[in-house]
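K.L.:
Please read through the structure below; I'll follow up with questions.
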Amino acid sequence: MRLSAGDRLGPYQVLSPIGAGGMGEVYKARDTRLDRTVAVKVLPEHIATREDLRARFEREARAVASLNHPHICTLHDIGNQDGVVYMVMEYLEGETLAARINKGALPLDQALKLATQIADALDRAHRAGVTHRDVKPQNIMLTRDGVKVLDFGLAKSTSEPGPDDATLTAALTPQGTVMGTPQYMSPEQFEGKEADARSDIWAFGAVLYEMVTGRRAFQGKSYASLLGAILAADPAPMAMKPFTPAWLERPVRRCLAKDPEDRYYSMHDVVLDLRTPLVETTTTPTKTNRWPLALAAVMTVAAVAVSVIHFREIKEQPHLFKMTVLSPEKAQLNDQYSIPAVSPDGRRLAFVATTDGKEDLWVRDLDSLAARALPGTSGAQYPFWSPDSRAIAFSADDKLKRVDLAGGPALTLCDTGQVRGGTWSTKGIILWGRFGTGLFWVPAAGGSPTELTAPIKASGAGDHRFPWFLPDGRHYLYTDTAPDIQERGVYVADIESKDRKRLIAAVSNAVYSPPGYLLFLRDGTLMAQRFDADKLELADDAVPVADQVDSQATQAQNQFSISQNGVLTYTSGRSGAGATLNWFDRSGKVIGVLGAPNALSWGAISPDGKSVAVQRVDQGLREIWLHDLARSATSRFTFGPGSKSYPAWSRDGRFLSFFSLRDGIGRPYKRATSGTGQDEVLSVPLGEPPNPTVVEDWSPDGRYAVLRVVNPKTLRDIWVLSFNPEKPGGGTPIPYLLTEFDELYGRISPDGRWLAYTSNESKRNEIYVQSFPTPGGKLPVSTNGGERSVWSRDGKELYFVSPDGKMMAAEVKGGAKFEVGVAKPLFNVRLSRGMDPWFDVTKDGRFLIPVHVEQTFNASITVVVNWQAGLKK
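As numbered in the working numbering, residues 639 to 1511 make up the sequence shown, in order.
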């Protein structure tokens, strides 16, 4: 029966229809006796005309009306007028949970808060002997005061007898209705078995799953396939939704157990399990940690005695303790791509050390004199701890891994690329920085990585690195290395909204130390500044904490870490940085060294073999320098605003091109090697803003430049600039290779007919050759992987580095038809781990290769307990 405005059912005057609600139509109405707005539901005719069903409904409605709970919709009245059966309920303003989920998954904290209210309401009903039997998002209203569970139209009371479920189901089925809503019905309901409180627990688990993930726990294209999923399948892991904590999987899985005996015994137990983790993950322990006594024991007996007295008798005045941790015996501390990390509880230190050329992850208990290497951690970089201090995550072989201190093998979580720092939140999320891009996240249990942030396009060569979660597990710090000084610095961001705010301009990693300090490096000095982690605001001026802290300036990497209870660690005593330029002969013998160690990210030998252009760091900026090989003299080539990188010689040696960020845009420039004239900007592919573009090579006749263009959609592509000195910027670039894969390191053959380049179209880097300047006739050069390639000066060989670190040489035949032989290894080589792998070859066959210098000989780790006690008041 449908009603219209003005119709009356007893004392209730209909105002307007609200919509369908479970078993019947719902209307907004006015209670003329009490002058209040109510909701009236008219039950369907097939129930109203059945005396037995109507009698049962009235009995059970009275049971529901007896419920008194802030999160249960109040049932005011039931009535029967001219065969029309209706119920009168509390009128609610808001939206249904189903409507809210249609907009996307709820934020985790909101989902858990509302779920706890729902569970508490169902617990109250179950204690009164009432089973809902139709718990679903459509029957849950979100109001200003929280949730309201409504529509107990299928509710069953255990206190009074009535027709069995089979009778009621049979009465409803001919009308096309089932007892409950299929997606939220328990297996026993489908099987026609007695539905009790455990059926509500099942439905609650399905609702909670949907609230958190934004998708239904069980799905099917047909009723049969849905039934099969509910009876036999498990829902997909909740970790598919970003930032879902691992602990939440257990209570949801228990609610959705196929056998009712395996579910929670009561909704009260569910409430307890939902509330307890919230306290565990958001409360910071305040009890003073007593482990510093043991730590002081590694010093002297006298220091132990003094420390014990001060610690026990003067707790309100904590004293600062310091100790030095050296590398393990026969091992060297490696901090080039690793920051020693103190555990959150301040009891252990994780660091990377090298033994016999092998890098492993080591752990030392700070109340012990010995450290131990963790098996299965070869090649480890950038370790960071789980919030409970029981596991360590780290990078190795471009993968994210974790190892538990309790034992067991290291587990691979996902592929990462080149990691630059990581952090692990209390909500089961791991966040890391990746070289050249933004930040990525993955569930702590592993999975597919997802991009969280991306550098601003106009910033060109910058990236995001060294994230650090704040205590709420939602906000985090990170460093933006954008060349633009208006963009670079330390930021705080929200993992859910992705809003960000710059805190300091220093290009340094930063960490948070409770109860409220931000630590970062400035000009070699570790600084601390007050920081409100709730308001995300700095206060007062920064004050010095420690000097002579080691730094990797080109990586915005400074060697310090902090625990949650005031244990500070940092390294000092490094003897240099970067790589040396080594000359190798064809057998791999080192026959010379060019210049002092530096961060040598790119270089090239001049066409006449008399000079070498390299990208070096000078006072924090990347600049191009020239090495005069005849005179053994070095001079700076580039000046002016912005960092410069990627030098490339013209084939006649008259000018060098390079990449520079100016006015917030990364573009290629060229400059005469004579030093005269101004820098000339070169044309780049159209875009707004222009995509970062690098000149990788020039053709022998000077007519073409090979461009590497970074595009967010097509990754790294190869374009060709048909250079005309009479046109602004040289002309208009045209695409050469524009695919969904990376294509880079393009080098033109000495005869100008062929282009060698690197591509990952086979899911790993390989070397290919195509005709030039028009692509065609692609031929593979490498067969088992290959990085950047370089032609011999006579064009008869093509060199590249294999994944296992071998310099390879393939004989080639140019001319009108390109032919290539089988590549053969020449010698083992370890390229410097800089921005890009690079090497070059002279006319007489000497190889110039930057070789990473292990800077660990004098490095040590300083441990400071109660570091805040050393702050000047």
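Virtual Cβ for every residue (Gly too), placed ideally from N, Cα, C.
(1) Over what stretch of residues does the alpha helix (DSSP H) that includes Arg1346 continue unbroken?
(2) Does the distance from the CB of Ser1321 to the CB of Lys1308 come in under 9 Å?
(3) Please classify Asn740: does DSSP put it in a helix, a strand, or coil?
(4) In terms of alpha-carbon separation, which member of Gln1124, Gly1111, Asp1101 and Gly644 lies closest to Thr1117?
(5) Measuring only the C-alpha atoms, how far is Leu987 from Val980?
(6) Alpha carbon to alpha carbon, how far is Asn740 from Gly852? Give it in angstroms, no decimals.
(7) So Leu1393 and Phe1410 are supposed to be a Cβ contact under 8 Å. How far apart are they, rounded?
(8) Roughly how many angstroms lie between the CA atoms of Asp1035 and Tyr975, to the nearest whole one?
(9) Assuming Asp747 is part of the alpha helix (DSSP H), what are its boundary residues?
(10) So, does the segment 845 to 860 touch the segment 895 to 903, judging by three or more C-beta pairs under 8 Å?
(11) For Pro1306, which beta-bridge partners are listed by DSSP?
(12) Return the Cβ separation of Val1467 and Val1439 in integer angstroms, given the expectation that the two are a contact with Cβ distance under 8 Å.
(13) Verify whether the separation of the beta carbon atoms of Ile1068 and Leu1043 is less than 9 Å.
(14) For Thr1486 versus Leu1219, is the C-beta spacing smaller than 9 Å?
(15) Between Leu1115 and Ala1092, how many whole angstroms is the CB-CB distance? I'm expecting something under 8 Å.
(16) Return the Cβ separation of Leu1004 and Leu1012 in integer angstroms, given the expectation that the two are a contact with Cβ distance under 8 Å.
(17) Hey, Gly732 and Leu681 are a contact pair by Cβ (cut 8 Å); roughly how many whole angstroms apart?
(18) Less than 8 Å between C-beta atoms, sequence neighbours within five positions excluded: which residues of the same chain meet that for Thr1015?
(19) State the DSSP-derived secondary structure class of Leu806, mapped to helix, strand or coil.
(20) Buried or exposed, going by whether 16 or more other CB atoms sit within 10 Å of the CB of Lys679?
(21) Can you grab the Cα-Cα spacing for the pair Val1319 / Lys1248, in whole Å?
(22) Arg1385 bridges to which residues according to DSSP?
(23) Taking the Cβ atom as the reference point for each residue, do Thr734 and Pro775 lie within a distance shorter than 9 Å?
(24) What did DSSP end up calling Gly1508 once you bin it into helix, strand or coil?
(25) Assuming Trp1476 and Trp1240 form a contact by the criterion Cβ under 8 Å, report the distance between their Cβ atoms to the nearest whole angstrom.
(26) Whose C-beta lies closer than 6 Å to the C-beta of Lys1451 among residues of the same chain, with five residues either side of it excluded?
(27) With burial defined as no fewer than 16 other Cβ atoms inside 10 Å of the residue's Cβ, what is the status of Lys1282: buried or exposed?
(28) Among residues of its own chain, excluding the 5 on either side of Val936, which ones have a beta-carbon nearer than 7 Å to its beta-carbon?
(29) From Arg1484 to Pro1338, what does the alpha carbon distance come to, in whole angstroms?
(30) What does a CB cutoff of less than 8 Å around Val1228 pick up in its chain, not counting 5 residues either side in sequence?
(31) Kindly give me the distance between the Cβ atoms of Gly1384 and Asp1335, rounded to whole angstroms, as I take these residues to be in contact under 8 Å.
(32) Looking at C-alpha atoms only, which residue of Arg985, Ala969, Thr1377 and Arg1010 is the closest neighbour of Gly995?
(33) Taking C-beta to C-beta, are Leu1524 and Phe1104 nearer than 9 Å?
(34) With a 10 Å radius around its C-beta and 16 neighbouring C-beta atoms as the bar for buried, classify Asp1188 as buried or exposed.
(35) Counting along the chain, where does the alpha helix (DSSP H) carrying Pro825 start and finish?
(36) Say the cut is 8 Å; is the CB of Gly1415 nearer than that to a heavy atom of the ligand GDP?
P.N.:
Answer, in terms of the structure:
(1) Where Arg1346 is concerned, there is no enclosing alpha helix (DSSP H), although the beta strand (DSSP E) around it starts and stops at Tyr1342 to Asn1349.
(2) Taking 9 Å as the Cβ cut-off, Ser1321 and Lys1308 do not qualify as a contacting pair.
(3) Looking at Asn740 - three-state DSSP - the assignment turns out to be coil, as it is neither helix nor strand.
(4) For the residues Gln1124, Gly1111, Asp1101 and Gly644, the minimum Cα distance to Thr1117 belongs to Asp1101.
(5) Here the C-alpha atom of Leu987 lies approximately 4 Å from the C-alpha atom of Val980.
(6) Distance between the alpha carbons of Gly852 and Asn740 is about 8 Å.
(7) Going by Cβ atoms, the distance from Leu1393 to Phe1410 rounds to 4 Å, so yes, they are a contact pair.
(8) Rounded to whole angstroms, Asp1035 to Tyr975 spans 13 Å at the Cα level.
(9) Looking at the DSSP string, the run of the alpha helix (DSSP H) that includes Asp747 is Leu746 to Arg765.
(10) Flag = no, the segment 845 to 860 and the segment 895 to 903 do not touch.
(11) Partner(s): Phe1297.
(12) So it is a contact: roughly 6 Å between Cβ atoms.
(13) No; because the gap between Cβ atoms is not below 9 Å, this pair is not in contact.
(14) The identity of residue 1486 in the sequence shown is Leu, whereas the question assumes Thr. Going by C-beta atoms, Leu1486 is nearer than 9 Å to Leu1219.
(15) About 17 Å separates the CB atoms of Leu1115 and Ala1092; that is not less than 8 Å, and the two are not in contact.
(16) Not a contact, Cβ separation roughly 16 Å.
(17) For Gly732 against Leu681, the beta-carbon gap comes to about 24 Å, at or over 8 Å, which does not count as contact.
(18) Taking C-beta separations shorter than 8 Å and ignoring five residues to either side along the sequence, the partners of Thr1015 in its chain run Asp998, Leu999, Phe1032, Ala1034, Lys1039, Val1041 and Ala1048, following chain order.
(19) Residue placement at Leu806 cannot be trusted, given a pLDDT of 36 that sits under 50; the coordinates are not used to answer.
(20) Lys679 is buried by the Cβ-count criterion.
(21) Straight-line spacing of the CA atoms in Val1319 and Lys1248 works out to 26 Å.
(22) Note: Arg1385 sits in a beta bridge opposite Ala1394.
(23) Pro775 sits close to Thr734, with the two beta carbons spaced by under 9 Å.
(24) Three-state result, Gly1508: helix.
(25) Yes, Trp1476 and Trp1240 are in contact; Cβ-Cβ is about 5 Å, under 8 Å.
(26) Glu1457.
(27) Classified as buried, Lys1282 has 16 or more neighbouring CB atoms from the shown chains inside 10 Å of its CB.
(28) In this predicted model, Val936 has a pLDDT of only 37, less than 50, meaning its place in the structure is not dependable; the value taken from the coordinates is given anyway. Leaving aside the five residues that flank Val936 on each side, the residues in its chain whose CB is nearer than 7 Å to its CB run, in chain order, Met961 and Leu1007.
(29) Approximately 21 Å between the Cα atoms of the pair.
(30) Cβ neighbours of Val1228 beyond the five flanking positions: Asn1220, Trp1221 and Phe1222.
(31) Cβ atoms of Gly1384 and Asp1335 come within 8 Å of each other, at about 6 Å.
(32) Of the listed residues, the one whose Cα sits closest to Gly995 is Ala969.
(33) No information on residue 1524 is available, as it lies outside the stretch 639 to 1511 that the chain covers here.
(34) The Cβ neighbour count for Asp1188, taken over all protein chains shown within 10 Å, is at least 16; the residue is labelled buried.
(35) Under the DSSP assignment, Pro825 falls in the alpha helix (DSSP H) whose first and last residues are Pro825 to Phe828.
(36) Ligands displayed in this structure: none; no statement on the ligand GDP is therefore possible.
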